[in-house]
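Written below as structure tokens is the structure these notes are about.
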Amino acid sequence: MVVAPTTEPDPPDYRQELVARPETLAIMRRIVSAHLDLWDLRELSDAATLCAHELLTNVMRHTGSPLCTITLRRRPDGVRVTVSDSDTEPPERRDPEWSEESGRGVQLIAALAAQCGTVTRRDGKDVWADIRTTTTSAYAT
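Structural data, given as structure tokens:
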């Protein structure tokens with residue numbers, strides 16, 4: 048009789064419905080960081096946490112409703128952070144003056160992510176950012 052070694056399954060994707068508010072952002076940063084630690088992707092924590100923060104801030108500031116869903120999907124080469132909301136307008140990339148205090152979120156996400164984009168649905172959109180490691184993990188999707 049051959050007994051296969053017991054291994055714990057990989058943790059599932061993380062998905063959370065929430066109301067994007069200032070007090071929610073700090074909690075979500077901690078949750079994103081904790082999941083990346085759990086997935087042994089600590090090196091991506093700062094970039095993924097900042098992208099999640101910016102995506103949620105965009106929901107808060109630029110959509111008609113603060114209701115949204117954040118999804119973290121572990122990938123062989125990193126993590127995909129997706130925020131889904133009910134607004135069909137894609138985020139606008141701006142080129143703010145140096146003295147402006149806001150308007151750099153989309154640029155920041157694009158700089159941190161290997162790829163990012165928007166998928167428009169009939170009832171809203173998904174805005175995503177792929178944060179990648181420098182090496183490919185053994186994890187397979």
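The opening residue of the sequence shown carries number 48 in this note's numbering; numbering runs sequentially from there.
Think of the CB as a built atom: it goes at the ideal place given N, C-alpha and C, for glycine as much as any other residue.
The model shown is predicted, which means the values in this text are computed figures rather than measured ones.
Within its own chain, the residues whose Cβ lies closer than 8 Å to the Cβ of Pro-138, once the five positions on either side in sequence are excluded, are Asn-105, His-109, Gly-152, Val-153, Thr-165, Val-174, listed in chain order. Under the three-pair Cβ rule at 8 Å, the stretch 87-94 does not count as touching the stretch 63-70. Taking each of Tyr-61, Thr-118, Thr-135 in turn and checking the Cα distance to Gly-111, the smallest one comes out for Thr-135. The alpha helix (DSSP H) runs of length 4 or more contained entirely in the stretch 49-116 are, from start to end of the chain, 69-85, 92-109. No Cβ-Cβ contact shorter than 9 Å links Val-126 with Ile-117. When the alpha-carbon of Gln-63 is set against those of Arg-122, Val-130, Leu-83, the nearest one is in Val-130. Looking at the DSSP output, Leu-119 sits in a beta bridge with Tyr-61, Val-128. In this structure, the beta-carbon distance from Ile-156 to Leu-83 does not fall below 9 Å. Judged by beta-carbon spacing, Leu-119 lies within the 9 Å limit of Ala-95, meaning their Cβ atoms are closer than that value. For a cut-off of 8 Å, the C-beta gap from Asp-60 to Arg-121 is around 7 Å, short enough to register as a contact.
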